[in-house]
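Colleague: What follows is a structure written as structure tokens; I'll ask about it next.
Residue numbers (my numbering): 888 to 1067.
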């Protein structure tokens, strides 16, 4: 009985040593004989730049450029306020048709959506631009208080076009919002 226990213990130790040396030897071989692999992964980026002309207090030909390195969907909000040069915003919002006139072209853009954004209807390739959102925005009246001027700010956002399983900007932004 002692002899069987002794043989079992010796056999167990021998198997454990065999496994240890086999695994160690394999790992040592792989570590010394594997070629290095260069990482060729290039991350994607999205971004926008508002392109516009500004002359004689009139903002003209507003479009959005895709500054990223992939195709994107783009949306934009147009925020119009009375503002001082120091950034102070007047509490009264300017009224379209009374305080300013804006000539919309919406060249490829959707009508204003309930979320406050205009959506460009097509994908925008890297370094390309959208169609013109509006051709000009002109002040019609003087500001309601001294030191304020009409301020037209374009807020643009972009999202990667591929990999979302959608075919338009509105669906792309909606899907991204629900994914978080």
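Ideal Cβ placement from N, Cα and C applies to all residues, glycine included.
Let me know the beta strand (DSSP E) ranges lying completely inside the region 927-993, each 3 residues or longer, listed in chain order.
Modeller: 935-942, 945-953, 959-970, 987-991
Colleague: Going by the CB atoms, is the gap between residue 1034 and residue 971 shorter than 7 Å?
Modeller: yes
Colleague: Can you give the Cα-Cα distance for residue 965 and residue 922, rounded to whole angstroms?
Modeller: 55 Å
Colleague: When every heavy atom of the ligand SAH is checked, does at least one fall within less than 6 Å of the C-beta of residue 927?
Modeller: In the structure shown, the ligand SAH is absent, as is every other ligand, since no ligand is present at all.
Colleague: How would you call residue 900, buried or exposed, if buried means at least 16 neighbouring beta carbons within 10 angstroms?
Modeller: exposed
Colleague: Check the C-beta distance from residue 1046 over to residue 1066 and give it rounded, since I have them as a contact under 8 Å.
Modeller: Going by Cβ atoms, the distance from residue 1046 to residue 1066 rounds to 11 Å, so no, they are not a contact pair.
Colleague: Contact defined as beta carbons within less than 8 Å: I believe residue 959 pairs with residue 936. What is the distance between those atoms, to the nearest angstrom?
Modeller: Actually they do not touch by this definition, with Cβ atoms about 12 Å apart.
Colleague: Residue 1043 lies in the alpha helix (DSSP H); which residues open and close that run?
Modeller: Where residue 1043 is concerned, there is no enclosing alpha helix (DSSP H), although the beta strand (DSSP E) it sits in stretches over 1036-1047.
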